[in-house]
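Structure record follows, encoded as structure tokens.
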Amino acid sequence: MIAFLGYLFKDLRHDWGRSLLTVASLSIMVISYLLTAALADAFDEFGSRPGVISHNLVMLAADTIDPMQGSVSQEAFDLAVAAVQAQFGPQSVRRAEPTIFRTLRIQGDTMEVFAVAPVGMTEIYNLALLAGRLPTGRAEIAASQEAVSLAGWQVGQEVEFYGQFFQLVGEVRYEAGKIASLWMTYDAGMALFGERRGFQVGALNISGELDPETVRAYLESVPGIRPAYAVYLEHDVHARYGQAIQDLLKFTIVMDILALSVITFGVFNATSLTLTERSREIALLRVAGFSGSTVRRFLFGRALVQTLAAYLLGWGLARLVTWKHAASSFSMHGMHVQIILSPQVVLPGLVLTSLCAWLAVWLTTHHLGQRNLVVLLNE
Amino acid sequence: MSLSEPGLIHVRGLRRTYRRGQVQVDALRGVDLDIPTGAFVVVVGPSGSGKTTLLHLLGGIDRPTEGQICIAGQAIQGASEAELTRFRRDRIGFIFQFYNLLPSLNALDNVILPLLAKGWSWKKANPRGQAMLQQVGLQARARHKPGELSGGEQQRVAIARALVVEPAVVLADEPTGDLDSVTAREVVDLMAGLNRNLGATFVIATHNLELCRHATHVFEMNDGRLVVSTKG
Chain A
-8 MIAFLGYLFK DLRHDWGRSL LTVASLSIMV ISYLLTAALA DAFDEFGSRP
42 GVISHNLVML AADTIDPMQG SVSQEAFDLA VAAVQAQFGP QSVRRAEPTI
92 FRTLRIQGDT MEVFAVAPVG MTEIYNLALL AGRLPTGRAE IAASQEAVSL
142 AGWQVGQEVE FYGQFFQLVG EVRYEAGKIA SLWMTYDAGM ALFGERRGFQ
192 VGALNISGEL DPETVRAYLE SVPGIRPAYA VYLEHDVHAR YGQAIQDLLK
242 FTIVMDILAL SVITFGVFNA TSLTLTERSR EIALLRVAGF SGSTVRRFLF
292 GRALVQTLAA YLLGWGLARL VTWKHAASSF SMHGMHVQII LSPQVVLPGL
342 VLTSLCAWLA VWLTTHHLGQ RNLVVLLNE
Chain B
5 MSLSEPGLIH VRGLRRTYRR GQVQVDALRG VDLDIPTGAF VVVVGPSGSG
55 KTTLLHLLGG IDRPTEGQIC IAGQAIQGAS EAELTRFRRD RIGFIFQFYN
105 LLPSLNALDN VILPLLAKGW SWKKANPRGQ AMLQQVGLQA RARHKPGELS
155 GGEQQRVAIA RALVVEPAVV LADEPTGDLD SVTAREVVDL MAGLNRNLGA
205 TFVIATHNLE LCRHATHVFE MNDGRLVVST KG
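Residue numbers (this note's numbering), protein chains in the order written: chain A, -8 to 370; chain B, 5 to 236.
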């Protein structure tokens, strides 16, 4: 075994220029693989987070891509509450609160801002207090744990956005969304964003005994609600963002498969070239008494050493990219995405890359035992 | 002479036909020969007469179309690939015209390569390799790579490699074909000396008639047939 490895490394050293080139080209694909795998891992984390199914309905302006682009009139919102109560009983609506909604870039990260009456924060949006308290004053905000983690804030500090300073008075958990969000009172929102555009979300918390989908379908049939407004289940709105991330996840998986395929073809090419250029040497090993399977093991060992070196180099460079580059931590639709080269990304990648190297060598050499030695010697 | 005596080569009705494009080439057309242990056999004949094909068949690196080959009691014409590999490893040493040394290995490592194929460790094989290099007068060049050796030195390394496993038969295909006349004579003398000292049977295909002066047997081939067989 030591003799086998000794010969292998002497051979690689002798052919160092080609070996280096192979390692460098494979490492580029390893970087691509690791970064997209880490991205897929980050996206997958969001996809696997359990969403909480609430009894909240949200009324938004119809035909808008982003809720902040539209607004809901107070008359229409009142009509919706009255229609549900008329159809399903006076107790069917437990609470209804208008909510101002904005998506803002705050200190470089995308966050969603909700302005709603304090009672709505707990009784409709079910915010759970993790630290501090809920905001009550016009210059106070609470932040979801995702926002705190993303921005590195601490309860008690001042946060500036939209040209105004706010004091972060509490950290909350928003189960339905699991997004980077900021919460302020409705009055604070009106003061900050102005009264002209009113509110963007009409939120209704309906009785737990009712089927939310039945109520939603009924509301959408009420004249005066349709066609100007659309009504969603609260968790469906957030699921739309989750779906977008799941679509990206599928794309990153495709990119990973492509990167692994290129690694396979890279090793295949390098091994094919070795076989073609050095057929006489390979024939000589066979003549000297090495079996076809030993020669195949030697070629696999050679490819494996190159692949492992490329993986190590690619891993180091990918770490450098994630460490130095700001793009390795970002937010999407208020969701914090952090690219981390964790062991569950790096180790399966190492196994898969080794398997690709094995496959490539097998594809190149599986017929080696059948090749006529005289032909190989004369090539 | 018993058929199982080591070093005995026993060939009957050996034919080798192959296709070159649409043309069928009869490289060997029924060769019979017997070679005793310790012989120094020289096979002469014009290019294309079948000398190299005969050596390839005797060494188990090609398979006959027809006929029997028995070397040291082992019939090889129907052997599996694994059996042929073991046969080459344990019984045969090859010397080629163009030396065929591995450029990535130094002289010593090239010499011990067949021992590594037998599963020897580098440490165990090294003294044997050194001794073989001493036999061919190259102990001082053990750490040099083929690119740093002259043609004659490379062929001496190839001879040491062929003999390191103490094979029953050494097959040499035009071993002096790429050397100048002085070096060729040195290599011929070296092989003849090793034949006498080590007792290995040598079968040498060549155009170099100088070799015949050491030969115990001379076979002349023409057009795939053995036409003259004389004792030296």
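By construction, the Cβ of each residue, glycine as well, lies at the ideal position given by its N, Cα and C atoms.
Proximal residues of chain A, C-beta to C-beta of residue i below 9 Å
{"i": "B/S108", "result": "Y(-2), K1, D2, L3, R4, H5, D6, E272"}
{"i": "B/F98", "result": "L275, V278, A279"}
{"i": "B/A121", "result": "L276, A279, G280, F281, S282, T285"}
Nearest residue (CA-CA) to residue i, options the options
{"i": "A/A300", "options": "A/E114, A/S16, A/D35, A/Y(-2)", "result": "A/S16"}
{"i": "A/S64", "options": "A/H46, A/A274, A/E88, A/N47", "result": "A/E88"}
{"i": "A/S284", "options": "B/G42, B/A86, B/S51, B/L59", "result": "B/A86"}
{"i": "B/A209", "options": "B/R200, B/N201, B/L202, B/V192", "result": "B/V192"}
{"i": "A/F242", "options": "A/R96, A/L364, A/D32", "result": "A/D32"}
{"i": "A/G(-3)", "options": "B/G82, B/I116, B/T89, B/G71", "result": "B/I116"}
{"i": "A/R310", "options": "A/F291, A/P334, A/R288", "result": "A/P334"}
{"i": "B/D182", "options": "B/I73, B/R92, B/F100, B/I75", "result": "B/F100"}
{"i": "B/N114", "options": "B/V173, B/V168, B/G197, B/R200", "result": "B/V168"}
{"i": "A/T356", "options": "A/R271, A/F105, A/F259", "result": "A/F259"}
{"i": "A/A397", "options": "A/R207, A/S263, A/H229, A/A171", "result": "The question about residue 397 of chain A has no answer, for chain A in this structure spans -8 to 370."}
{"i": "A/Q158", "options": "A/Y165, A/L341, A/A67, A/T176", "result": "A/T176"}
With 16 other Cβ atoms within 10 Å as the buried cut-off, status of residue i
{"i": "B/V46", "result": "buried"}
{"i": "A/W306", "result": "buried"}
{"i": "A/I115", "result": "buried"}
{"i": "A/G280", "result": "buried"}
{"i": "A/T298", "result": "buried"}
{"i": "B/S8", "result": "Reliability fails at B/S8, whose pLDDT of 43 lies under 50, so the model's placement of it is uncertain and the value that follows must be treated cautiously. So B/S8 counts as exposed."}
{"i": "A/Q361", "result": "exposed"}
{"i": "B/G63", "result": "buried"}
{"i": "A/W379", "result": "Coverage of chain A is limited to positions -8 through 370, which leaves residue 379 of chain A absent and any answer about it impossible."}
{"i": "B/M5", "result": "Legend: pLDDT at B/M5 = 38, less than 50; position of this residue unreliable, value from coordinates given subsequently. By the 10 Å Cβ count, B/M5 comes out exposed."}
{"i": "A/F192", "result": "Correcting the residue identity first, residue 192 of chain A is Val in this sequence and not Phe. Its Cβ being crowded by 16 or more others within 10 Å, A/V192 is buried."}
{"i": "A/A167", "result": "buried"}
{"i": "A/H358", "result": "exposed"}
{"i": "B/S110", "result": "Residue identity differs from the one stated: residue 110 of chain B is Asn in this sequence, not Ser. With 16 or more Cβ atoms within 10 Å of its Cβ, B/N110 is classed as buried."}
{"i": "B/K55", "result": "buried"}
{"i": "A/L11", "result": "exposed"}
{"i": "A/L26", "result": "buried"}
{"i": "A/A77", "result": "exposed"}
{"i": "B/T89", "result": "buried"}
Host alpha helix (DSSP H) of residue i (start-end)
{"i": "A/L51", "result": "Where A/L51 is concerned, there is no enclosing alpha helix (DSSP H), although the beta strand (DSSP E) it sits in stretches over 47 to 52."}
{"i": "A/T285", "result": "283 to 315"}
{"i": "B/E87", "result": "85 to 95"}
{"i": "A/E180", "result": "For the record, residue 180 of chain A in the displayed sequence is Gly; it is not Glu. Residues 177 to 184."}
{"i": "A/Y220", "result": "Looking at the DSSP string, A/Y220 is not in any alpha helix (DSSP H); the run it does join, the beta strand (DSSP E), is 220 to 224."}
{"i": "A/F105", "result": "Here A/F105 belongs to no alpha helix (DSSP H); instead the beta strand (DSSP E) covers 100 to 106."}
Proximal residues of chain D, C-beta to C-beta of residue i below 7 Å
{"i": "B/L117", "result": "Going by chain labels, chain D is absent from the structure shown, which instead holds the protein chains A and B."}
N-terminal and C-terminal residue of the beta strand (DSSP E) that residue i is part of
{"i": "B/Q139", "result": "It is not in any beta strand (DSSP E) - B/Q139 instead sits in the alpha helix (DSSP H) that spans 126 to 139."}
{"i": "B/M225", "result": "221 to 226"}
{"i": "A/F157", "result": "155 to 164"}
{"i": "B/D36", "result": "27 to 39"}
{"i": "B/G17", "result": "13 to 24"}
{"i": "B/D177", "result": "173 to 177"}
{"i": "A/G193", "result": "192 to 197"}
{"i": "B/Q72", "result": "70 to 75"}
{"i": "A/L95", "result": "84 to 97"}
{"i": "A/I132", "result": "131 to 135"}
{"i": "A/T123", "result": "The question names Thr, but residue 123 of chain A in the sequence shown is Gly. Its beta strand (DSSP E) spans residues 119 to 123."}
Within chain B, the residues that residue i reaches when beta carbons sit closer than 8 Å
{"i": "A/N363", "result": "D66"}
{"i": "A/L275", "result": "N104, L106"}
{"i": "A/G283", "result": "E85, T89"}
{"i": "A/G360", "result": "E85"}
Partner residues on chain B for residue i, Cβ-Cβ distance less than 9 Å
{"i": "A/G292", "result": "Within chain B, no residue comes near A/G292; the closest Cβ sits about 14 Å away, beyond 9 Å."}
Amino acids of chain A, ordered along the chain, whose beta-carbon sits closer than 7 Å to that of residue i
{"i": "B/H60", "result": "V365"}
Near-chain B residues of the region -7 to 23 of chain A (beta-carbon distance less than 8 Å), N- to C-terminal order:
Cβ contacts with chain B: I(-7), A(-6), F(-5), G(-3), Y(-2), K1, D2, R4, H5, D6.
Residues of the region 209 to 228 of chain B in Cβ contact with chain A at a cutoff of 8 Å, in chain order, please.
Of all residues in the region 209 to 228 of chain B, none is placed with a Cβ closer than 8 Å to any Cβ belonging to chain A.
Interface positions of the region 83 to 94 of chain B facing chain A (Cβ-Cβ less than 7 Å), listed along the chain:
Residues of the region 83 to 94 of chain B whose Cβ lies closer than 7 Å to any Cβ of chain A, in chain order: E85, A86, T89, R92, R93.
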